[in-house]
Amino acid sequence: ILRQAAPSVATILIQGDSGTGKELFARAIHEMSGRSGPFVPINCAALPESILETELFGHEKGAFTGAIARKEGRFETADGGTLFLDEIGDMSPAIQAKVLRVLQDGEFERVGGTQPIKVDVRIISATNKNLRREIEARRFFEDLFFRLNVIAINLPPLSERREDIPLLARHFLEKYCRKNHREIKGFSPRAMETLITREWRGNVRELEKSIERAVVLTRGEYIEPGDLFDEIPLEQDLKGEIRVPFGIPLEEIERKIILETLHRTGGDKKLTAQILGVASRTIYRKMGQLQGENDNEPENSEDSGTDGGEN
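Shown next as structure tokens:
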């Protein structure tokens, strides 16, 4: 979707939890778009309404106390390029109305100005909110939503794409080894298993910072679980439910249930096997398939659920 949409002039709405990489995707779209102007980001949740208005549309000299000179806004700066409106779900109704006008007419006025300014700006917006619910609550304009949502890209949380974790982990390891002039060969099997089974509420951003920490603190050739986090929880909450999207293949359901159960048991394969009612060797084999490794379970493990004393 990203590659197909990039060369067009259509607006794009990127939805996903914090830390899933929405701005990274927006930058990639701009780089593939062929637009000659700059990529200009702004976080709509980080600024008060009055400041956000000036940042977006600029102001004329004397428009308000302290406006000692004319200022160009982000729409002008992004002319010929891409304006990335991050956390657009936090934008006030007054600012929403002005953004809607730019999308409809391709022009706006600076704060305190009377002359319309025409711009050629491609809009990419992002939010971690459910905008349809915001519309129902009358906090977001439906017309603006339809203008922004011509093409929708939904970024799933890292916990729903655990197969990406080894690739991301190796990428961040190489990145921070270069930055810190370290030579680390990789992750121990236990460390990689910990990465794959962790919940990652902070998504890719949390993963990146955990690996940066490990690169700085590890003393060995391979990163171990203790290098990744301040502490490894010994007990996990075994309550709650595991949600499976409608239409997901049976093999994917099995994989998801095993990984989530491993996470909630703190990576204890024996307990995971007991909860799921399968042999320990099944858990070892499935984890080996996921990590691209051979089955590490001892040959003498029994189908009754024992695993040779290994957790």
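Residue numbers (my numbering): 114 to 424. Backbone N, C-alpha and C define an ideal beta-carbon position, used for all residues, glycine too. Because the structure is a prediction, the values reported are computed rather than measured.
| Asked | Found |
| --- | --- |
| Unbroken stretches of the alpha helix (DSSP H), 4 residues or longer, contained in the segment 129–161 | 135–146 |
| Reduced DSSP secondary structure (H/G/I, E/B, other) of residue 301 | coil |
| Minimum length 3: unbroken beta strand (DSSP E) runs contained in the segment 184–244 | 195–199, 235–240 |
| Nearest candidate by alpha-carbon position, reference residue 200, set 130, 328, 293 | 130 |
| Residue 145 vs residue 187 beta-carbon contact at 8 Å | no |
| Inter-stretch contact at 8 Å, needing at least 3 Cβ pairs: the segment 160–172 / the segment 221–231 | yes |
| Helix, strand or coil at residue 267 according to DSSP, with G and I counted as helix | strand |
| Bridge partner(s) assigned by DSSP for residue 126 | 238, 265 |
| Nearest-angstrom Cβ-Cβ length linking residue 305 and residue 270, presumed shorter than 8 Å | Going by Cβ atoms, the distance from residue 305 to residue 270 rounds to 19 Å, so no, they are not a contact pair. |
| Where the alpha helix (DSSP H) containing residue 381 begins and where it ends | Note, residue 381: premise wrong, no alpha helix (DSSP H); not H, not E. |
| Inter-residue spacing [alpha-carbon to alpha-carbon] between residue 155 and residue 234 | 14 Å |
| The segment 238–247 in contact with the segment 119–126 per 3-pair CB rule at 8 Å | yes |
| Beta-carbon gap between residue 440 and residue 191 smaller than 8 Å | Missing from the structure shown is residue 440; the chain here goes from 114 to 424 and no further. |
| Local conformation of residue 172 per DSSP, three classes | strand |
| Three CB pairs or more closer than 8 Å across the segment 318–326 and the segment 375–391 | no |
| Other residues of its chain near residue 352: CB distance less than 8 Å, five sequence neighbours each side excluded | With a pLDDT of only 48 at residue 352, under 50, the local geometry of the prediction cannot be trusted, and the value read off the model is given with reservation. Excluding residues within five positions, none has a Cβ falling inside 8 Å. |
| As assigned by DSSP and simplified to three states, the class of residue 336 | strand |
| Residue 376 - DSSP class collapsed to helix/strand/coil | helix |
| Limits of the alpha helix (DSSP H) - the one that residue 323 falls within | 316–330 |
| Three-state secondary structure assigned by DSSP to residue 294 | coil |
| Residues near residue 254 in its chain [Cβ-Cβ closer than 8 Å; skip 5 each side] | 206, 209, 210, 213, 248 |
| Classification of residue 218 by the beta-carbon crowding that lies within 10 angstroms, buried from 16 upward | exposed |
| Nearest-angstrom beta carbon gap, residue 266 and residue 138 [assumed within contact, 8 Å] | 7 Å |
| Residue closest to residue 261, alpha-carbon to alpha-carbon, out of 401, 114, 288, 122 | 122 |
| Closest Cα partner of residue 393 within the set 383, 132, 400, 399 | 383 |
| Identity of the residue in 118, 289, 274, 294 nearest residue 311 by Cα | 274 |
| Rounded separation between residue 216 and residue 166 - CA only | 16 Å |
| Residue 202 vs residue 316 beta-carbon contact at 8 Å | no |
| Integer-rounded CB distance, given that residue 157 should sit under 8 Å from residue 198 | 6 Å |
| Three-state secondary structure (DSSP) of residue 279 | helix |
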